[in-house]
Structure formats: structure tokens, C-alpha cells
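For what it's worth, the UniProt record's numbering labels the leading residue of the sequence shown as 1, then goes sequentially. Note that CB positions come from ideal geometry on N, CA and C, so glycine has one too. Encoded as C-alpha cells, the structure appears first; notes follow it.
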Amino acid sequence: MASSITPLRDPMAPCPCIQHLTDQLTPAICSHLCLLFVPMSASEDVSGAWAALAASMLSSQAVAGEGIDICSPLQPLVTGDVWDSGKFPALLTPPDAEKTPGYWNKGARRRLELALALQPAAQRAKNIILFMGDEQGRLGCAWSSPLPPSDSDVTTGMGLSTMSATRIYKGQLAGGSGEESILAMETFPHVALAKTYTIDRQVPDSAGTGTAYLCGVKANAKTLGLSGAAVYGKCRTTFGNEVDSVLHRARLAGKSVGIVTTTRVQHASPGAAYAHSASRSWYADANMPKEALRDGCKDIAYQLVHNTDINVILGGGRMYMTPRQTPDPEYPEDPDQNGTRKDGRDLIAEWLSAKQGARYVWDKKGLDAVKDDSVSHLMGLFEPKDMKYELNRNTSTDPSIVEMTEKAVRILRRNPNGFFLFVEDE
Numbered sequence: 001m002a003s004s005i006t007p008l009r010d011p012m013a014p015c016p017c018i019q020h021l022t023d024q025l026t027p028a029i030c031s032h033l034c035l036l037f038v039p040m041s042a043s044e045d046v047s048g049a050w051a052a053l054a055a056s057m058l059s060s061q062a063v064a065g066e067g068i069d070i071c072s073p074l075q076p077l078v079t080g081d082v083w084d085s086g087k088f089p090a091l092l093t094p095p096d097a098e099k100t101p102g103y104w105n106k107g108a109r110r111r112l113e114l115a116l117a118l119q120p121a122a123q124r125a126k127n128i129i130l131f132m133g134d135e136q137g138r139l140g141c142a143w144s145s146p147l148p149p150s151d152s153d154v155t156t157g158m159g160l161s162t163m164s165a166t167r168i169y170k171g172q173l174a175g176g177s178g179e180e181s182i183l184a185m186e187t188f189p190h191v192a193l194a195k196t197y198t199i200d201r202q203v204p205d206s207a208g209t210g211t212a213y214l215c216g217v218k219a220n221a222k223t224l225g226l227s228g229a230a231v232y233g234k235c236r237t238t239f240g241n242e243v244d245s246v247l248h249r250a251r252l253a254g255k256s257v258g259i260v261t262t263t264r265v266q267h268a269s270p271g272a273a274y275a276h277s278a279s280r281s282w283y284a285d286a287n288m289p290k291e292a293l294r295d296g297c298k299d300i301a302y303q304l305v306h307n308t309d310i311n312v313i314l315g316g317g318r319m320y321m322t323p324r325q326t327p328d329p330e331y332p333e334d335p336d337q338n339g340t341r342k343d344g345r346d347l348i349a350e351w352l353s354a355k356q357g358a359r360y361v362w363d364k365k366g367l368d369a370v371k372d373d374s375v376s377h378l379m380g381l382f383e384p385k386d387m388k389y390e391l392n393r394n395t396s397t398d399p400s401i402v403e404m405t406e407k408a409v410r411i412l413r414r415n416p417n418g419f420f421l422f423v424e425d426e
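Below you can see the structure in the form of C-alpha cells.
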């Protein structure tokens, strides 16, 4: 069975299978993601049909009977005589050590000894940092959908396929075959899988899941900090159905608390730490329906400032904090980046006046300058909406997730009672 395939002429050309999703990944990364869909058994009979199947999985533009592009360097695997031979090609050249039973037995013995040496923790944790790799599974679920992700898209989270692709890519960057590499989190003494769903949907969104892992309560999709009795988009169902987050409980226990995110700080995942909202999209009052405002619901940005006393707030989301037509400090000539609030409130100014030892910054230079021990509260909003992806980040104006986290820890750790920090990298 012959297949019609058009190889990429330029090995570094944009990868067609993910171009409709994001321009953040290189063809090399894409090739590792695509490999997950290809049968890996060297002894399996592979007819020309496998070539067409693999090709269709590797391209968002696959149409029966038409030529389709294949991401380099996978191109040789689905083109040429190698498929006509009926055998799947060997992908790796294993090190000689891996060919001996002793290599594997030694590794298994070492891991078993480490597991047997584990002892129950004798003390309670003083400090807690919750890292969330949010929406990392977009690529995994997007193969079946030609639609681009929306603001409240459904994602798979940081699942096994994403982890596998990351592990392989890390190993190959180090000069290995990839599969032998180990991620830092895979060395943890305890690792588990979690079932993710909302009570009204099998596949959740990050508002419902944020409420689950931060508040301990399953809820309806697209609702924040509310029990399942609250109905999405219905303001009146908010009251009496609020649930407390671990961040709020930590603050009540006398700990310092913080939020670091590469999204807007009013987004679903960080929002579940402090807000109670019938809609994850109510970022500012301008995003709320008149009925919700009339019934007394508050937007998420307002709740960020007036709910839990949060010591460190770092991320994006400037436009939801200032009145309409307020020029953005970084993009003053772009009206699309102006403030959006209709109530005329300057929530940044309100936050500064209400907190002793508070500091506000909006770029990396300002963040780097925060070295005074008298700063007990820090708000840094580095973009009007979400922060830029790492590959597009301006390193002179926008801090990285690492730099923001380090700054947060330096401030929060001054509290002798400890701290709770939520860190999200989207």
C-alpha cells in the first residue's frame, strides 16, 4: 500500500502538526511528542499502512489521498524503502552496558534499597511549596481537534505522555538516547497519579481542578472556590457555598503566603487560592454580566486585593487592576493593553495603601531592586494579561518563573511560623 508523503524541505521549518496550536515548540521537540504515537516494537510487521497512519498522526493537515508534511527528523521513518521492507527501523544505538543483565539488576537493587530505607517523617512540615505544571497536556489532547485552545479550554494536565516527551528530550539534549534520562520529580520518594474531573464533567478545566487541589472539594467546571452547589455563571449561587483554600488556612495559621504564576494572577489556577466566583472569566467588573454585579458578586481582581491577605503576588494581569483607559506602563501607546475596570477603582493603589511595607513592581528591573528587608508585601504584575512563554520572554524586562519564585521565597521565609507558596508554570 503506497502512501503519498511530502517531506519537509527545510529541517528547521515550522512543524505543521503543532503550528495551529502554538509557535513555542521547535521541530525537534515536536518530533519527540510525535514519536509517542508510533509503534516502537522492532519486531512488529509494519506495512505501508503504518506509514500513512503515522503520517496522519503527525500532521494536522492530513487529508486522504493528498500529500502531507512530516516533521523532520522523523521524516526517514515514514518515507523511503525502510517501510517497504516490512520491518520497523531500529531507532536507538544502546550503550554496551545496557546489553548486560548486571546493569539492570544493579539499578533495580539500588532503587529497592532506597525504598526500604525510607522512614516516616517525624516532624510536620514548616514550609510548603505547591508546584503546578498547568495545561501542559494541550498537545496530547489537541490531535483530535482542529480548534485552537480557548481561554477556558479543556486540557489533560501534566500527564504521562508529556512527562515522557520531556524526559526523552532532556536526555537527548545531554547527548543520550533519551529514555534513560530521569526527571527531578521522578527521584521523589513518593509519587502518585490523581483522578481529575469535575462533578459535572469527565474532563475538567483548571478552575474546577484548582478548587479541588487547593480547597479539597470537587466542584462544577469553570467555578472558583465554591462547592458543587454553586452553578456556573449564576451569581446568587455563590453565597453560602464558599470553600476555603489551603492558602487561606495557612494565612489563618500565622504563615506568610504567596502566589507565583506565568499566567495572569486572576486566572483559574491561582484564583482558586483566594477567590469565590461563579465564573472563572470574571477577571474584572468589565467581564461580569450586569445581573452578577447587581446581585453583589465581586470580580476576581477585587477579591485578590480584598480577600485573603497575600504577602507575595507575582505574575501577569495588570489591565484588570486599573480603571478603563489607564495606559499600561510597558505598552503606553497600545490602547488594547489599557486598564479595563468600569468602577474606576485602582486596585493596585488600594492594595499599597492597605499594606504596611508593601511594594509594587511591573518589570524585572523593579523586581531585582526589591532587596529591602522592610518589604513584607510584594505585588509584581509583569504583563497586561498572561506573561509570555519562556521562548518569547524578553529577559531584560520580564522575570522568569525561577526568578519570581526565588524572590517570593526570600520574602516569605522571614516568617518564623513558615510559609505557603503556590507556583504555577503554564
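Relative to the alpha-carbon of residue i, which residue among the options has its alpha-carbon at the smallest distance?
i	options	result
S396	L367, D386, N105	L367
Y197	V191, D343, T209	T209
E424	A219, A184, P270, V217	P270
V191	L421, N307, M404, L160	L160
V265	K385, A122, I168	K385
D372	R345, R414, N338	R414
L352	K365, V375, D244	V375
K298	R236, P329, K355, A250	R236
K218	K234, G240, K195	K195
K234	K355, G171, L293	L293
A121	D309, R251, P189, N307	P189
A125	Q172, A250, T93	A250
N311	Q356, K290, E333	Q356
M288	Q337, P335, K342	K342
T187	L114, R201, K290	L114
Q172	P94, L224, R201, Q123	P94
D334	D295, E291, E383	E383
Tell me which residues share the same chain as residue i and place their Cβ nearer than 8 Å to its Cβ, disregarding the 5 neighbours each side in the sequence.
i	result
S152	Unreliable positioning characterises S152 in this predicted model, as indicated by a pLDDT of 44, which lies under 50. The coordinate reading is nonetheless provided below. Hits under 8 Å: D205, A207, K222, A268, R280, S281.
R410	none
T238	L226, A230, H276, S277, A278, C297
K170	G178, S181, L183
G216	V243, V246
M112	First, the amino acid is wrong: residue 112 is Leu here, not Met. Excluding residues within five positions, none has a Cβ falling inside 8 Å.
E406	none
M185	V191
N394	K388
Between residue i and residue j, is the Cβ-Cβ spacing less than 7 Å?
i	j	result
R359	L378	yes
L381	G317	yes
S181	R167	yes
T262	M387	yes
N105	F419	no
V260	A408	yes
A272	L214	yes
L118	F422	no
T326	Y274	no
I199	G228	yes
P399	K364	yes
Beta-carbon within less than 7 Å of residue i's beta-carbon, same chain only, minus the 5 sequence neighbours each way: which residues are those?
i	result
T340	A284, A286, M319, Y320, R324
G133	M158, D425
E350	V305
Between which residues of its own chain and residue i is the CB-CB distance below 6 Å, once the five residues before and five after are set aside?
i	result
N417	G254, K255
P329	W362
G344	P323
M404	V260, L314
Is the closest heavy atom of the ligand ADP to the C-beta of residue i under 6 Å?
i	result
D373	The ligand ADP is not part of this structure, which contains no ligands at all.
**Request:** Mind the definition here: the region 252-263 touches the region 289-302 only if three or more C-beta pairs lie below 8 Å; say whether that holds.
**Result:** no
**Prompt:** Can you give, in chain order, each stretch of the beta strand (DSSP E) that sits fully within the region 324-395 and has at least 3 residues?
**Reply:** Listed in chain order, they are 358-361, 377-381.
**Prompt:** In chain order, which beta strand (DSSP E) runs of at least 3 residues are fully inside the region 228-311?
**Reply:** As far as the region 228-311 is concerned, its whole beta strand (DSSP E) runs of at least 3 residues are 256-264.
**Request:** Entirely within the region 165-225 and at least 4 residues each: give me those alpha helix (DSSP H) ranges in chain order.
**Result:** 206-215
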